[in-house]
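Protein chains: 2
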Amino acid sequence: MALIVQKYGGTSVGSVERIQAVAQKIKTFADGGDQLVVSVSAMSGETNRMTALAQEIQTVPSLREMDMLLTTGEQVTISLLSMALQQLGCDAISYLGSQVRIVTDSEHGKARIKSIDDHRIHASLDAGKVVVVAGFQGIDEQGHITTLGRGGSDTTAVALAAALKADECQIYTDVDGVYTTDPRIEPNARKMKSVSYEEMLEMASLGSKVLQIRSVEFASKYKVPLRVLSSLIDNPVGTLITSEENIVEQAVISGIAHNKDEAKLSLIGVPDKPGIAFKILKAISSANIEVDMIVQSVSAREGLTNFAFTVHRNDFAKALSILETVCEELGAIGVQSDDKVVKVSLVGLGMRSHAGIASQMFEVLHHEGINIQMISTSEIKISVVIDEKYLELAVRSLHSAFEMDKE
Amino acid sequence: MALIVQKYGGTSVGSVERIQAVAQKIKTFADGGDQLVVSVSAMSGETNRMTALAQEIQTVPSLREMDMLLTTGEQVTISLLSMALQQLGCDAISYLGSQVRIVTDSEHGKARIKSIDDHRIHASLDAGKVVVVAGFQGIDEQGHITTLGRGGSDTTAVALAAALKADECQIYTDVDGVYTTDPRIEPNARKMKSVSYEEMLEMASLGSKVLQIRSVEFASKYKVPLRVLSSLIDNPVGTLITSEENIVEQAVISGIAHNKDEAKLSLIGVPDKPGIAFKILKAISSANIEVDMIVQSVSAREGLTNFAFTVHRNDFAKALSILETVCEELGAIGVQSDDKVVKVSLVGLGMRSHAGIASQMFEVLHHEGINIQMISTSEIKISVVIDEKYLELAVRSLHSAFEMDKE
Numbered sequence: 001m002a003l004i005v006q007k008y009g010g011t012s013v014g015s016v017e018r019i020q021a022v023a024q025k026i027k028t029f030a031d032g033g034d035q036l037v038v039s040v041s042a043m044s045g046e047t048n049r050m051t052a053l054a055q056e057i058q059t060v061p062s063l064r065e066m067d068m069l070l071t072t073g074e075q076v077t078i079s080l081l082s083m084a085l086q087q088l089g090c091d092a093i094s095y096l097g098s099q100v101r102i103v104t105d106s107e108h109g110k111a112r113i114k115s116i117d118d119h120r121i122h123a124s125l126d127a128g129k130v131v132v133v134a135g136f137q138g139i140d141e142q143g144h145i146t147t148l149g150r151g152g153s154d155t156t157a158v159a160l161a162a163a164l165k166a167d168e169c170q171i172y173t174d175v176d177g178v179y180t181t182d183p184r185i186e187p188n189a190r191k192m193k194s195v196s197y198e199e200m201l202e203m204a205s206l207g208s209k210v211l212q213i214r215s216v217e218f219a220s221k222y223k224v225p226l227r228v229l230s231s232l233i234d235n236p237v238g239t240l241i242t243s244e245e246n247i248v249e250q251a252v253i254s255g256i257a258h259n260k261d262e263a264k265l266s267l268i269g270v271p272d273k274p275g276i277a278f279k280i281l282k283a284i285s286s287a288n289i290e291v292d293m294i295v296q297s298v299s300a301r302e303g304l305t306n307f308a309f310t311v312h313r314n315d316f317a318k319a320l321s322i323l324e325t326v327c328e329e330l331g332a333i334g335v336q337s338d339d340k341v342v343k344v345s346l347v348g349l350g351m352r353s354h355a356g357i358a359s360q361m362f363e364v365l366h367h368e369g370i371n372i373q374m375i376s377t378s379e380i381k382i383s384v385v386i387d388e389k390y391l392e393l394a395v396r397s398l399h400s401a402f403e404m405d406k407e
Numbered sequence: 001m002a003l004i005v006q007k008y009g010g011t012s013v014g015s016v017e018r019i020q021a022v023a024q025k026i027k028t029f030a031d032g033g034d035q036l037v038v039s040v041s042a043m044s045g046e047t048n049r050m051t052a053l054a055q056e057i058q059t060v061p062s063l064r065e066m067d068m069l070l071t072t073g074e075q076v077t078i079s080l081l082s083m084a085l086q087q088l089g090c091d092a093i094s095y096l097g098s099q100v101r102i103v104t105d106s107e108h109g110k111a112r113i114k115s116i117d118d119h120r121i122h123a124s125l126d127a128g129k130v131v132v133v134a135g136f137q138g139i140d141e142q143g144h145i146t147t148l149g150r151g152g153s154d155t156t157a158v159a160l161a162a163a164l165k166a167d168e169c170q171i172y173t174d175v176d177g178v179y180t181t182d183p184r185i186e187p188n189a190r191k192m193k194s195v196s197y198e199e200m201l202e203m204a205s206l207g208s209k210v211l212q213i214r215s216v217e218f219a220s221k222y223k224v225p226l227r228v229l230s231s232l233i234d235n236p237v238g239t240l241i242t243s244e245e246n247i248v249e250q251a252v253i254s255g256i257a258h259n260k261d262e263a264k265l266s267l268i269g270v271p272d273k274p275g276i277a278f279k280i281l282k283a284i285s286s287a288n289i290e291v292d293m294i295v296q297s298v299s300a301r302e303g304l305t306n307f308a309f310t311v312h313r314n315d316f317a318k319a320l321s322i323l324e325t326v327c328e329e330l331g332a333i334g335v336q337s338d339d340k341v342v343k344v345s346l347v348g349l350g351m352r353s354h355a356g357i358a359s360q361m362f363e364v365l366h367h368e369g370i371n372i373q374m375i376s377t378s379e380i381k382i383s384v385v386i387d388e389k390y391l392e393l394a395v396r397s398l399h400s401a402f403e404m405d406k407e
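Protein sequences appear in the order of chains U and H. Position 140, counted from 1, in the first sequence is what full-length UniProt numbering calls 140; the numbers after and before it change by one each time, with no gaps. Position 366, counted from 1, in the second sequence is what full-length UniProt numbering calls 366; the numbers after and before it change by one each time, with no gaps.
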């Protein structure tokens, strides 16, 4: 008998019929003898509907009241799912975040979980019930309702699994696992049986949409075996995200991530004095723009330096205008920009022990005539910024060169 | 500076525009220096929408899960109303029943309030905030979400007013007060300035739809001055429901209530033995049918008795079929029935000191040629069952005979 935490997203519970299908799936596990704790999101569309209502009323909706409003979404789902389970003869009970004391800090809209009281859940499990917990929500120490921010239901599931010492945390979604790269770009992309927390974290931060970073961080911290699987097919296997030591066959490169929404900005010929990076980035971050890659390089003219960074394409115009002001203030030669770039990244724990991965990557790109505009590396990833027209070519040629279609 | 508890029903908060109008009304009080606690219902239509969802899923929806589902309705309203108040520059904070510890018993769907923790509300009031509390909901001692049943938001408001020792509890609704009788039947019906708790209780139980019985009971028990007023007009006066001793000019008859949905059933010629009433009513109540008036009378034939009662017209067919079975079992002569009857009642504290009200009532009806089929009396009311075709005539002639159009 295993204790399994499952999470179903908004699309999986988006209608009465889908809630009934999820209940059927859960019942199969319960009938097999497993103990089940299920965390669910709001029915798809509900969060947008409520956000629109709030925006009609308050110019900048209060974060506390938004949390009060949005948490009703999951509350509806847990009650309906519990009813659907009961209708199938499967005893079930729903709990709000506040009822199982998912205590968070007080950062409304992006709270972080501090603790969970597992007693109530264990008591209900011991009474033979499936426990259905509202995802995305918690309560702070003063009793105010909080939410965990984007992808919060994944985080709820992982936190529940950690608190309950569950055997596995299963995230049901509309993809059937984690692939070596985006199958829409490279048809030979291979679904991985397993991948390490560290690699998954890099892939999530590099634009892979499968899991939110925070849920992977949480799983990594508490060593929760995390499985991503499809809610649309029967008996899915999915991909297990686990500790490095549990992965038998560690590939050198696990995945290729890409991010289409990049824009590059460069300040050319800045007088090279201490504090330049600070001055440039301060101005950008004051405008609430997140900076991704940062590269500083020597200029052709002595005493000058070039400073380049990337931002999300939505922030491009704003960042450009700020940078032009900074350019004047710092007496730099000029600004260069390009909002038609993408980022392609190789991720793999194997890089730590295999030298020469970077040069092999650069060789492949060079061979295809792809110019590299920026490079950034960490211990287990190499990212390059290239012209967006080469995205598919770069992904496919790297996937093939590193033989990622083979196990 | 007064402490006022206000309640706005589902129609008053049925859209973004109406929520904004309610916020404007509340702001006027707050600007005038009053401390405000506001209890609200779900936006009109929401409860029905959710009930329909539940019924699609579970044949007989779990009462606990229904409470979990339905309480989201008020939660949406309190957050939106708080936002609307903040948008007007009026500081406001929303609280769930669980957050201000509206502790109830565990009867899901019709829980009764046991206690309220006023500390949190007083702290927020002292901080200069308008406090917006979800109506209709509470939490039991084990932390399960409960609801108070029909009209529960009125009860929440009155219970809050009692706990906070508020100066007044104002129930905003779509009528502008309590009338001597239904103005749609008698155009001369007069809005009362004040009425006693006892009279209001009788009128509520006799079919007046203005307030739910339980909220009046609560107000009576804790001596909460309760005012019914219109949310649709400016500066409404409404009707104050208060203790008998606070009512300066006590009329003999305060109001005429009526109930259109009655049906009458009689068992004729039952052998008169102990336990007859029990046997008949047991069968009826086992079928979940509520019995209203009950009259037992002597039959023309010795040793036999006649037993008559009224039920809601919706239950007529079911009650009739049960009674026919009972008739055979008890060896009675037969069953008579009529589902075209109505109940008309006179209510007034003055009946206690004024003799002859009943005979005056019967005389008026007799004078109009209206046959009385059943009579039931209490200390402060007289009810008669008559043919439904006489309803309007009975109400108007009694209203006029007792000079109820005059103050």
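For every residue, glycine included, the Cβ atom is placed at its ideal position computed from N, Cα and C.
Annotation: Cβ neighbours of E65 (chain U) in chain H (cutoff 7 Å, chain order): S79, S82, M83 and S94. Within the region 4 to 32 of chain H, V16, I19 and Q20 place their CB atoms closer than 8 Å to a CB of chain U, listed in sequence order. Note on A317 (chain H): under 16 other CB atoms within 10 angstroms of its CB, so exposed under the neighbour-count rule. Per the DSSP secondary-structure output, F307 (chain U) pairs in a beta bridge with U:L267 and U:Q296. Note on geometry: alpha-carbon atoms of E403 (chain H) and S254 (chain H) lie some 10 Å from one another.
Three or more Cβ pairs closer than 8 Å define a contact, and the region 171 to 186 of chain U falls short of that threshold against the region 72 to 80 of chain U. For F362 (chain U), the closest C-alpha among the options U:G348, U:S378 and U:I386 is that of U:I386.
In terms of beta-carbon proximity, E141 (chain H) stays away from the interface with chain U, with every pair separated by 8 Å or more. Setting aside the 5 residues that flank it on each side, V347 (chain H) is surrounded in the same chain by E199, E202, M203, L206, I253, S254, G255, I256, A257, I380 and K381, each with a C-beta closer than 8 Å to its C-beta; the list follows chain order.
The contact set of T146 (chain H) on chain U, defined by CB atoms closer than 7 Å, is empty, because the minimum CB distance reaches about 13 Å. DSSP, reduced to helix, strand and coil, places M1 (chain U) outside both helices and strands of the structure shown, so it counts as coil.
Residue pairing for R227 (chain H): DSSP places it in a beta bridge opposite H:Q170 and H:L240. M404 (chain U) is outside the set of residues whose beta carbon lies under 8 Å from a beta carbon in chain H. The DSSP-derived three-state label of Q212 (chain U) is coil.
Taking a cut-off of 8 Å for Cβ pairs, the region 288 to 303 of chain U and the region 234 to 253 of chain U do not touch, as fewer than three such pairs fall below it. T72 (chain H) reaches chain U at T71, T72, G73, Q75, V76 and S79, counting residues in chain order whose Cβ is nearer than 9 Å. Going by C-alpha positions, D176 (chain U) is about 31 Å away from S124 (chain U). Going by DSSP, T147 (chain U) is part of the beta strand (DSSP E) stretching over I145 to T147. About 6 Å separates the beta carbon of A308 (chain H) from that of M374 (chain H), a gap short enough to meet the 8 Å contact definition. For the region 40 to 59 of chain U, the set of positions with a beta-carbon nearer than 9 Å to some beta-carbon of chain H reads M50, L53, A54, E56, I57, Q58 and T59 in chain order.
The beta-bridge partner set that DSSP reports for L36 (chain H) consists of H:I4. Distance from A355 (chain U) to R313 (chain U) at the Cβ level is roughly 35 Å; contact not present, criterion being Cβ atoms closer than 8 Å. A straight line joining the alpha-carbon of V216 (chain H) with that of N48 (chain H) spans about 25 Å. Under DSSP, N259 (chain H) forms a beta bridge with H:K343. DSSP lists U:L265 as the bridge partner or partners of S337 (chain U). The beta carbons of S82 (chain U) and S44 (chain H) sit about 26 Å from each other, so the pair does not count as a contact at 8 Å. Around the C-beta of M66 (chain H), 16 or more other C-beta atoms lie within 10 Å, and the residue is accordingly described as buried. The region 139 to 146 of chain U and the region 104 to 112 of chain U touch, with three or more beta-carbon pairs separated by less than 8 Å. Between the alpha carbons of E186 (chain U) and E74 (chain H) lies a gap of roughly 49 Å. Using beta-carbon distances, S124 (chain U) does not count as an interface residue toward chain H, since no partner is under 8 Å. Judged by pairs of C-beta atoms under 8 Å, the region 145 to 163 of chain H touches the region 91 to 106 of chain H, as three or more such pairs exist.
L391 (chain U) and V364 (chain U) have their C-alpha atoms roughly 13 Å apart.
If you draw a 10 Å sphere on the C-beta of G32 (chain U), you find fewer than 16 other C-beta atoms in it, and that means exposed. The C-beta of S62 (chain U) comes closer than 8 Å to at least one C-beta of chain H. Burial is judged here by how many other beta carbons sit within 10 angstroms of a residue's own beta carbon; I233 (chain H) has fewer than 16 and is exposed.
Straight across, the Cα-Cα distance linking P271 (chain U) with G303 (chain U) is about 6 Å.
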